[in-house]
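Colleague: As given, the protein sequences belong to chains Z and P, one line each in that order. Number 332 marks the last residue of the first sequence (my numbering); no jumps. Number 1085 marks the last residue of the second sequence (my numbering); no jumps. Take a look at this one; I'll ask things after.
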Amino acid sequence: MEVCGTHTMAIHAAGLKKLLPENLQLVSGPGCPVCVTEKSFIDHAILIGENYQACIVTFGDLVRVPGSFGSLGTFRSEGGRLRVVYSPADAIDIAIEEAPRATVFLGVGFETTVPTIAVTLKMALARGIDNLFVLSAFKTIHQPLRILAAKEDLHGFLLPGHVSAILGSDCYNYLVADFHKPGVVAGFEPLDILLALSDLAEMAASGQPKIINDYKRVVRSQGNPAAREIVDEVFEPSDALWRGLGNIPASGLALKGSYTKFDAAIHLPVEVPPARDDPRCLCASILTGSKTPDRCGLFGTECTPEDPVGPCMVSSEGTCAAYYKYGAA
Amino acid sequence: MCLAVPMQLVEITDDGIGKVDSAGVKAAVNITMIPHARVGDYLIIHAGFGIEVLDREEAEIRLDLFKELAAACEAEEEA
């Protein structure tokens, strides 16, 4: 299983699946932060925008994800204030521009992205920014990885490259110790991925699992301790709801201590009704590697990148988007 | 999960902020997380933040391996 959505895209963009032998099957995992975000998060963001006339600040590929009553794009077209950013640090400048209006950054991301928001909030605290908030849907990879490692039909893991730059290649040793399964940390060039898959296949066949770091130019065994320290100052583990995996304890991140002043869920409360996903959408199964997009009745017909039903078709790292754009093997 | 690109650090401007060069265009990047970064280093940049410094030696080893593989493929095709 390739855990990371960026790996999914890289594999499809380079047409790697067609090169693999028949007895090596690669399935995509839940490492697409937009894809694993529950529909109710979009609804929550829009409700805050509407009820508080807040300016919603977001990464680009969240804009067209369908909510229960439309997307953030719909919210914008109906007069809502929405700003798209490449860097979370821009949320501070936007908050200053928009003051005294509440400015809410939508916190979607894994361990690569979380430190960037942590640094941003440290800066905001130091500068006394009062109208900036974060709505957290941040997630961490180890708890779901443990759940997936227990699955009998998965024999090895292509581990994320840049999440590992933060966490370090040593953090995955439990895959071997507790589940007897191999993992290889890989880069994103086609040859990086093929070399990693070759290592994985060898270990799966020999029954001698290890964790191998095949992305040594970026990933250290201890990762980036400075980044992790900053995250620990700002966030603490919390429960999180994952599309496809349900509620997983300690797999999310919540603001803590002095940083709770930035928590949008606390300071801009709204009533969020339970969301209902289209029962025909297979995103949940696709995210756990049990089904592939071509098995979905909506794929390419009712669900396309222009007119998506589920987030896997919208996200720049979504498995359905990869299949659609590059053609399924 | 992590789209990130390598760019060279050409200047350290303020506390925790540097400038990277991208095809002649200079862009600001936050280097708070990588206090060990020095001008001339290649940084891995995600969402406007440097998250790690590229290990030059390991990068050369990998690039050499890519070249070796490419040469082996060419040799195979010509055979």
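The C-beta atom is built at its ideal place from N, Cα and C for all residues, glycine as well.
#1: Rounded C-beta distance between valine 237(Z) and leucine 124(Z)? I'm assuming under 8 Å.
#2: Given 8 Å as the limit, is there contact between the region 312 to 327 of chain Z and the region 31 to 43 of chain Z, that is, 3 or more CB pairs closer than that?
#3: Using alpha carbons as the reference points, say which of Ser31(Z), Thr115(Z) and Pro252(Z) lies closest to isoleucine 233(Z).
#4: Cβ of arginine 220(Z) less than 8 Å from any chain P Cβ?
#5: For the beta strand (DSSP E) that contains leucine 135(Z), what are its first and last residues?
#6: Hey, threonine 119(Z) and alanine 1053(P) are a contact pair by Cβ (cut 8 Å); roughly how many whole angstroms apart?
#7: Pick from Cys323(Z), Ser139(Z), Ile169(Z) and Pro296(Z): whose alpha carbon is nearest that of aspartate 242(Z)?
#8: Residues of chain Z with a CB under 9 Å from the CB of glycine 1054(P): which are they?
#9: Could you work out which residues of chain Z lie near aspartate 1061(P), taking near to mean beta carbons separated by less than 7 Å?
#10: Quick check on asparagine 54(Z): does DSSP put it in helix, strand or coil?
#11: Hey, leucine 271(Z) and tyrosine 55(Z) are a contact pair by Cβ (cut 8 Å); roughly how many whole angstroms apart?
#12: Just checking my contact of valine 122(Z) with phenylalanine 1055(P) at CB under 8 Å: how many whole Å lie between their CB atoms?
#13: Check the Cβ-Cβ distances between glutamate 1080(P) and every residue of chain Z, and say whether any is below 8 Å.
#14: So, does the CB of isoleucine 1018(P) fall closer than 8 Å to a CB anywhere in chain Z?
#15: Would a check of beta-carbon distances place glutamate 1074(P) closer than 8 Å to chain Z?
#16: Return the chain-ordered list of same chain residues with a C-beta closer than 6 Å to the C-beta of valine 1016(P), the five sequence neighbours on each side being excluded.
#17: Three-state secondary structure (DSSP) at glycine 34(Z)?
#18: Between Phe113(Z), Leu170(Z) and Phe160(Z), which lies nearest to threonine 143(Z) when the distance is taken from Cα to Cα?
#19: With the cut-off set at 8 Å, would you say lysine 42(Z) and aspartate 280(Z) are in Cβ contact?
#20: Report the three-state DSSP secondary structure of glutamine 146(Z) (helix, strand or coil).
#21: Where glycine 83(Z) and glycine 52(Z) are concerned, what is the direct C-alpha to C-alpha distance, given to the nearest angstrom?
#22: Provide the residue(s) that pair with methionine 1013(P) in DSSP beta bridges, ordered along the chain.
#23: Using C-beta distances below 7 Å, list every residue in its chain close to proline 103(Z), excluding the 5 sequence neighbours before and after it, in chain order.
#24: In terms of alpha-carbon separation, which member of Asp64(Z), Thr77(Z) and Glu25(Z) lies closest to aspartate 46(Z)?
#25: Counting along the chain, where does the beta strand (DSSP E) carrying glutamate 1058(P) start and finish?
#26: Pick helix, strand or coil for phenylalanine 238(Z), following the three-state DSSP scheme.
#27: Out of Arg130(Z), Leu290(Z), Ala287(Z) and Arg223(Z), point me to the one whose CA is closest to alanine 958(P)'s CA.
#28: Are the C-beta atoms of histidine 165(Z) and some chain P residue less than 8 Å apart?
#29: Measure from the C-beta of isoleucine 99(Z) to each C-beta in chain P and report whether the shortest distance is under 8 Å.
Modeller: Quick look at the numbers:
#1: About 5 Å; that satisfies the 8 Å criterion.
#2: Contact between the region 312 to 327 of chain Z and the region 31 to 43 of chain Z is present, with at least three C-beta pairs closer than 8 Å.
#3: Looking only at Ser31(Z), Thr115(Z) and Pro252(Z), the smallest Cα-Cα distance to isoleucine 233(Z) is reached by Thr115(Z).
#4: Taking Cβ atoms only, chain P reaches closer than 8 Å to arginine 220(Z), which makes this a yes.
#5: DSSP places leucine 135(Z) inside the beta strand (DSSP E), whose first and last residues are 135 to 139.
#6: Contact check for threonine 119(Z) and alanine 1053(P): beta-carbon distance about 5 Å, within the 8 Å limit, so the pair qualifies.
#7: Nearest to aspartate 242(Z) by C-alpha distance, out of Cys323(Z), Ser139(Z), Ile169(Z) and Pro296(Z), is Ser139(Z).
#8: From the beta-carbon of glycine 1054(P), the residues of chain Z found nearer than 9 Å are Val88, Tyr89, Ser90, Pro91, Ala92, Asp93 and Thr119.
#9: Correct list: Lys219 and Arg220.
#10: Asparagine 54(Z) falls in the helix class under three-state DSSP.
#11: With a Cβ gap of about 5 Å, leucine 271(Z) and tyrosine 55(Z) count as contacting.
#12: That pair is a contact at about 7 Å.
#13: No, glutamate 1080(P) lies away from the interface with chain Z (no Cβ there is under 8 Å from its Cβ).
#14: With 8 Å as the cut-off, isoleucine 1018(P) does not count as an interface residue toward chain Z.
#15: Not one chain Z Cβ lies under 8 Å of glutamate 1074(P).
#16: So the qualifying residues of the chain are Lys1025 and Asp1027.
#17: When DSSP states are grouped into helix, strand and coil, glycine 34(Z) belongs to the strand group.
#18: Answer by Cα proximity: Phe113(Z).
#19: Less than 8 Å separates the beta-carbon of lysine 42(Z) from that of aspartate 280(Z).
#20: Here glutamine 146(Z) carries a helix assignment [DSSP, helix/strand/coil].
#21: It is roughly 7 Å from the alpha-carbon of glycine 83(Z) to the alpha-carbon of glycine 52(Z).
#22: In the DSSP assignment, methionine 1013(P) forms a beta bridge with Leu1049(P).
#23: For proline 103(Z), same chain residues with a beta-carbon under 7 Å away, outside a window of 5 residues either side, are Asn134 in chain order.
#24: The shortest C-alpha separation from aspartate 46(Z) is found at Thr77(Z).
#25: From DSSP, the beta strand (DSSP E) with glutamate 1058(P) extends over 1055 to 1059.
#26: Three-state DSSP puts phenylalanine 238(Z) in a strand.
#27: Any property of residue 958(P) remains undetermined from this structure, which presents chain P solely from 1007 to 1085.
#28: At a cut-off of 8 Å between beta-carbon atoms, histidine 165(Z) makes contact with chain P.
#29: With 8 Å as the cut-off, isoleucine 99(Z) does not count as an interface residue toward chain P.
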